[in-house]
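One structure is given here, and the rest of the page talks about it.
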Amino acid sequence: MMIKNALLLGGSGFVGTWIANRLSKAGVRVTIPTRRRERNKANIMLPTVEVVEANIHDEATLVELMRGQDVVINLVGVLHDHDSRLPYGKGFAAAHVELPKKIVAAMKQAGVRRLVHMSALGADPAGCSEYLRSKGEGEAIVMAAAKDLDVTVFRPSVIFGIGDKFLNTFARVFKLAPFFASGGMKAKFQPVYVGDVADAFVACIENLATFGQRYELCGPKVYTLRQLVEYVRELTGNQHKKVKELSDLWAYLQAGILWLLPNPPMSPDNLRSMDVDSVASADGQTYPGWNPTALEAVAPTYLGKVAPKSKLDDFRYHAGR
C-alpha cells in the first residue's frame, strides 16, 4: 500500500500539528479541515498541507473530504463538556461517539479503507468519567468496523512536549500563584512524548501488521501527579513554593469553579478520570519497536528556567517551522 494523500481530522491541535509535520516531511499530501483557517498558521506553512474550512460533523461534507484520500487519521477529542450528564454530555457524545460513527460511514461511502484512530488510555464504556466512557464508546465503534476497514487504534497516556497543555499548565500556575493546590495528587501517569506519538501514527499507516490492532502508548516511567508537579516546580525555579493536596471536597469545589472558565484547566470530570491510573495495563499491547523518550530528556528544553534554545523552538513551533 502506498500512501500519497491523508485526511487529518483534528489536525489543528497539539498532536495534529506534529503528525502533519511528519507527514509533510514524508511527502504526503495532507488535508486538514478546520472551522477557522486563520488559526492554523503552523500547518498552513507546511509545503504539502492544505488547510480547508469545513464542518466535519456534517456527513455530506465528511464524505466529500474523504474522496481521493488513502488514509483517515482521527485525532478529534475534547477534555471538557459543560453539558454534564450520564453517561456523558452532548459535547463528549458529538466528538467521541457520533463523529467516529460518521467517519466509519463516510469512509465506506467514499471507498477509503485505512483508518488510524486516537483513543485514550483507560477508555472504557463503563469508565469512571464522562470522558473515559465516551472515548470507550468511540473506540468500540472503530474496532467494530475492523471487519470492513483497515483500522489501528492508539491509546496514549498524557502527552507532553513543546506546546502541551499538561506540564505547561503546571508551569503557568507556579508563575501566577504563590502555591500549587490540587486534588488527585496520588493519581499515576506514564507521560508519553508527542514526537514518539506522532512517529507511531505515521509509521503504522502502511504497516499491514497493525491492521485491526489496538496499542497503548506510554512513556518509560510512572509518576504520581505530585511528582510531576514537583518536577515542574524544580524546572521553573519555584522550589520555594508549596505543593498542597486538597481533600476530595475542596478538590471538587476547586474543579467546579475552574470549570466555569472559558478554557478550563480542570473540571470535576477530569478529577473523576484520575480515579483510574493512566499507566500501561497488564494485558495492553505495546506498539512494535516502541522505545519511548524519557520525560527528563525533553521537559527541561521547554520548561527549564534557563533554556534559550527552548524559546527559539517554541517560536518555531508556533510559526510552523
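Here this note's numbering is used: the first residue of the sequence shown is 164, the next is one more, and so on.
Quick reminder that beta carbons are idealized off the backbone N, C-alpha and C, glycines included.
The model shown is predicted, which means the values in this text are computed figures rather than measured ones.
Option in the options with minimal Cα separation from residue i
| i | options | result |
| --- | --- | --- |
| Ile-322 | Val-267, Val-442, Lys-167 | Val-442 |
| Lys-310 | Asn-218, Phe-255, Arg-277 | Arg-277 |
| Arg-200 | Val-178, Ser-410, Val-215 | Val-215 |
| Trp-453 | Val-392, Leu-434, Phe-364, Glu-408 | Phe-364 |
| Pro-250 | Ala-169, Trp-181, Asp-432 | Asp-432 |
| Ala-258 | Val-275, Gly-299, Ala-223 | Gly-299 |
| Val-316 | Pro-341, Gly-290, Leu-380, Lys-384 | Leu-380 |
| Thr-456 | Gly-382, Gly-400, Leu-391, Leu-416 | Gly-382 |
| Leu-242 | Ala-340, Ile-368, Ala-286 | Ala-286 |
| Ser-320 | Val-385, Ser-297, Lys-271, Met-306 | Val-385 |
| Leu-416 | Lys-253, Leu-434, Thr-399 | Leu-434 |
| Ala-308 | Val-392, Val-355, Ala-269, Arg-389 | Ala-269 |
| Leu-466 | Pro-451, Leu-412, Glu-393 | Glu-393 |
| Pro-354 | Lys-253, Leu-209, Ser-345, Leu-458 | Leu-458 |
| Val-226 | Gln-272, Arg-192, Asn-184, Ser-187 | Gln-272 |
| Glu-222 | Ile-266, Asp-244, Asn-168 | Ile-266 |
| Thr-399 | Gly-375, Thr-464, Ala-460, Asp-362 | Thr-464 |
| Gly-274 | Gly-375, Leu-262, Asp-313 | Asp-313 |
| Tyr-378 | Ala-340, Arg-318, Asp-359 | Arg-318 |
| Lys-188 | Ala-169, Asn-168, Leu-209, Leu-295 | Leu-209 |
| Thr-211 | Thr-224, Gly-231, Cys-291, Leu-186 | Leu-186 |
| Gln-376 | Leu-284, Tyr-450, Ala-460 | Tyr-450 |
| Val-279 | Asp-446, Arg-335, Gly-173 | Gly-173 |
| Ser-410 | Ala-460, Asn-237, Val-439, Ser-345 | Ser-345 |
| Leu-391 | Phe-352, Arg-335, Leu-412, Gly-231 | Phe-352 |
| Asn-184 | Arg-335, Ala-361, Val-439 | Ala-361 |
Residue i, buried or exposed, once every other Cβ within 10 Å from all chains shown has been counted against 16
| i | result |
| --- | --- |
| Met-281 | buried |
| Gln-448 | exposed |
| Leu-424 | exposed |
| Glu-293 | buried |
| Ser-444 | exposed |
| Asn-218 | exposed |
| Ala-256 | buried |
| Ala-418 | buried |
| Met-163 | This structure cannot speak to residue 163, because the chain is shown only from 164 to 484. |
| Asp-359 | buried |
| Leu-171 | buried |
| Pro-471 | With a pLDDT of 46 at Pro-471, under the threshold of 50, the modelled position of this residue cannot be trusted; read the value that follows with caution. By the 10 Å Cβ count, Pro-471 comes out exposed. |
| Ala-414 | buried |
| Ala-289 | exposed |
| Leu-295 | buried |
| Leu-339 | exposed |
Own chain, CB closer than 6 Å to residue i, minus 5 neighbours either side, in chain order
| i | result |
| --- | --- |
| Lys-264 | Ile-304 |
| Met-437 | Gly-347, Ala-350 |
| Asn-331 | none |
| Asn-203 | Ser-175, Thr-197, Val-214 |
| Gly-301 | His-259, Val-260, Pro-263 |
Under the three-state DSSP convention, the category residue i falls into
| i | result |
| --- | --- |
| Ala-257 | helix |
| Asn-137 | The chain is shown from 164 up to 484; residue 137 falls before or after that span and cannot be answered. |
| Phe-337 | helix |
| Val-215 | strand |
| Ile-322 | strand |
| Arg-479 | Confidence at Arg-479 is low in this model, with a pLDDT of 46, below 50, so the placement of that residue is unreliable and no value is reported for it. |
| Leu-209 | coil |
| Ser-473 | Residue placement at Ser-473 cannot be trusted, given a pLDDT of 45 that sits under 50; the coordinates are not used to answer. |
Close beta carbons around residue i, own chain, < 7 Å, minus the five adjacent residues each side
| i | result |
| --- | --- |
| Ala-366 | none |
| Thr-373 | Thr-315, Cys-367 |
| Ile-166 | Val-191, Asp-233, Val-234, Ile-368, Glu-369 |
| Met-306 | Val-314, Val-316, Arg-377 |
| Leu-335 | The sequence given here has Arg at residue 335, not Leu. If we look at Arg-335 and ignore the five residues flanking it on each side, it has no Cβ neighbours. |
| Val-239 | Leu-172, Gly-173, Ala-258, Leu-262 |
Cβ shell of residue i (< 8 Å), same chain only, five flanking positions each side left out
| i | result |
| --- | --- |
| Arg-396 | Phe-333, Phe-337, Phe-343, Gln-402, Lys-404, Val-406 |
| Leu-421 | Pro-427, Pro-428, Met-429, Ser-430 |
| Ser-247 | Glu-293, Pro-431, Asp-432 |
| Val-469 | Low per-residue confidence applies at Val-469: pLDDT is 49, beneath 50, and the placement is therefore not dependable, though the value from the model is reported in the following sentence. Closer than 8 Å at Cβ, skipping near neighbours: no residue. |
| Ser-297 | Pro-250, Tyr-251, Phe-255, Ala-256, Ala-258, His-259, Val-260 |
| Arg-389 | Met-348, Lys-349, Val-406, Glu-408 |
| His-245 | Gly-252, Gly-254, Trp-422 |
| Glu-213 | Arg-192, Val-193, Thr-194, Ile-195 |
| Phe-329 | Val-321, Ile-322, Phe-323, Pro-354 |
| Ala-462 | Phe-323, Leu-330, Tyr-394, Val-395, Leu-398 |
| Ala-169 | Leu-186, Val-191, Arg-192, Val-193, Thr-194, Gln-232, Asp-233, Val-234, Val-235, Ile-236, Ile-368 |
Test: residue i CB closer than 8 Å to a CB of chain C
| i | result |
| --- | --- |
| Leu-312 | Among the chains of the structure shown, chain C does not appear; only one protein chain is present. |
task: Let me know the alpha helix (DSSP H) ranges lying completely inside the region 341-386, each 4 residues or longer, listed in chain order.
output: 357-367
query: Which runs of the alpha helix (DSSP H) spanning at least 4 residues fall entirely within the region 172-197, listed in chain order?
result: 177-188
- prompt: Hey, which unbroken runs of the alpha helix (DSSP H) at 4 residues or more fall wholly within the region 375-461?
  reply: 388-398, 411-421, 431-436
- request: Scan the region 233-315 and note each continuous alpha helix (DSSP H) run of 4 residues or more that stays entirely inside, going in chain order.
  value: 262-273, 293-307
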